[in-house]
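Let me begin by presenting the structure, written as structure tokens, before commenting on it.
There are 2 protein chains.
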Amino acid sequence: MSGELDRLIHEPARLRILTILSGVDVGDFNFLLNTLGLTKGNLSSHMDKLDKAGYVAVNKTFNGRVPHTDFRITPEGRQALADYWSALDAIRQLRDNLPEEE
Amino acid sequence: MSGELDRLIHEPARLRILTILSGVDVGDFNFLLNTLGLTKGNLSSHMDKLDKAGYVAVNKTFNGRVPHTDFRITPEGRQALADYWSALDAIRQLRDNLPEEE
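Heads up: the protein sequence lines correspond to chains A and B, in order.
Residue numbering for the first sequence follows the numbering used here, beginning at 51 and increasing consecutively.
Residue numbering for the second sequence follows the numbering used here, beginning at 51 and increasing consecutively.
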């Protein structure tokens with residue numbers, strides 16, 4: 051069956067994260083934390099997976115001694131997200147494009 | 051966070067099954083098998099979960115000695131599917147409804 055859903059993006063929290071990052075130039079850790087209502091550990095784990103997949107770029111800096119982490123969606127992440135929504139749209143349209151039942 | 055995705059429906063094969071059943075009066079086992087490209091065991095397992103959740107109704111009959119199984123989406127299944135697509139739409143719209151980053 052064509053249009054497989056990217057399982058990395060299919061996880062609801064990661065779908066939310068990528069969708070949010072697709073709408074901003076850059077999002078920092080606290081912004082995502084507040085917007086998503088996840089725990090820090092959960093958010094870190096999801097960002098790590100998205101980073102390893104090449105879907106987000108991570109930039110760590112320090113404000114004095116306070117670490118600050120910014121995230122951006124990469125072109126690959128943007129494409130994967132667009133493909134994901136297209137695949138979901140195709141599923142949604144299954145309802146109206148069924149073969150005849152014999 | 052509101053609009054949690056129903057995990058039972060979130061599984062891609064089950065999302066396809068429910069979406070297909072929402073577009074037909076009744077679908078039999080072979081029709082779903084051919085449309086979805088799943089194995090018989092996989093399809094049975096998914097239908098069993100959807101049945102237990104009350105999202106589909108199962109009707110088993112015999113044509114002579116040949117068993118025949120029909121499935122229909124229930125009103126509860128139709129509502130759950132509509133809620134699922136609404137929740138997904140809400141995620142998709144996150145992109146355009148972000149809080150200001152401080």
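Heads up, the beta-carbon is just placed ideally off N, CA and C, and yes, glycines get one too.
For F81 of chain A and T124 of chain B, what's the separation of their Cα atoms in angstroms?
Their Cα atoms are separated by approximately 41 Å.
Do you know offhand how far A137 of chain B's Cα is from H118 of chain B's?
Roughly 35 Å separates the two Cα atoms.
Under a CB-based cut-off of 7 Å, is I141 of chain A close to chain B?
I141 of chain A belongs to the set of residues whose beta carbon lies under 7 Å from a beta carbon in chain B.
If we cut at 7 Å on Cβ distances, does I70 of chain A have a partner in chain B?
Yes, because at least one Cβ of chain B sits closer than 7 Å to the Cβ of I70 of chain A.
Please state whether the Cβ-Cβ distance between D56 of chain A and A140 of chain A is less than 7 Å.
Going by C-beta atoms, D56 of chain A is not nearer than 7 Å to A140 of chain A.
Could you confirm whether any beta carbon from chain A is found closer than 7 Å to the beta carbon of R66 of chain B?
At least one beta carbon of chain A lies nearer than 7 Å to the beta carbon of R66 of chain B.
Applying the criterion that 16 or more other CB atoms from any shown protein chain within 10 Å of the CB defines a buried residue, is D121 of chain A buried or exposed?
Checking the sequence, you will find Phe at residue 121 of chain A rather than Asp. Burial is judged here by how many other beta carbons sit within 10 angstroms of a residue's own beta carbon; F121 of chain A has at least 16 and is buried.
Does DSSP classify T85 of chain A as helix, strand or coil?
Looking at T85 of chain A - three-state DSSP - the assignment turns out to be helix.
Answer yes or no: do G73 of chain B and L65 of chain A have a C-beta to C-beta separation smaller than 7 Å?
No; because the gap between Cβ atoms is not below 7 Å, this pair is not in contact.
At a Cβ cut of 8 Å, what residues of the region 69-94 of chain B count as close to chain A, listed as they run along the chain?
Taken in chain order, the members of the region 69-94 of chain B whose beta-carbon sits within less than 8 Å of a beta-carbon on chain A are T69, I70, S72, G73, V74, G77, D78, F81, N84, T85, L86, G87.
Chain A beta carbons: is any one of them nearer than 7 Å to that of P26 of chain B?
Given a span of 51 to 152 for chain B in the structure shown, any question on residue 26 of chain B remains unanswerable.
To the nearest angstrom, how far is the alpha carbon of D78 of chain A from that of D133 of chain A?
Separation of D78 of chain A and D133 of chain A (C-alpha to C-alpha, rounded to the nearest whole angstrom) is 25 Å.
Give me whichever residues DSSP pairs with F112 of chain B in a beta bridge.
The partner list for F112 of chain B (beta bridge, DSSP) reads B:P117.
Span separating the alpha-carbon of G104 of chain A from that of N113 of chain A
Distance from the CA atom of G104 of chain A to the CA atom of N113 of chain A, rounded to whole angstroms, is 26 Å.
Mapping DSSP to helix, strand and coil, what is D78 of chain B?
D78 of chain B: strand per DSSP, three-state reduction.
Have a look at the DSSP bridge pairing and note the partners of A107 of chain A.
The partner list for A107 of chain A (beta bridge, DSSP) reads A:R122.
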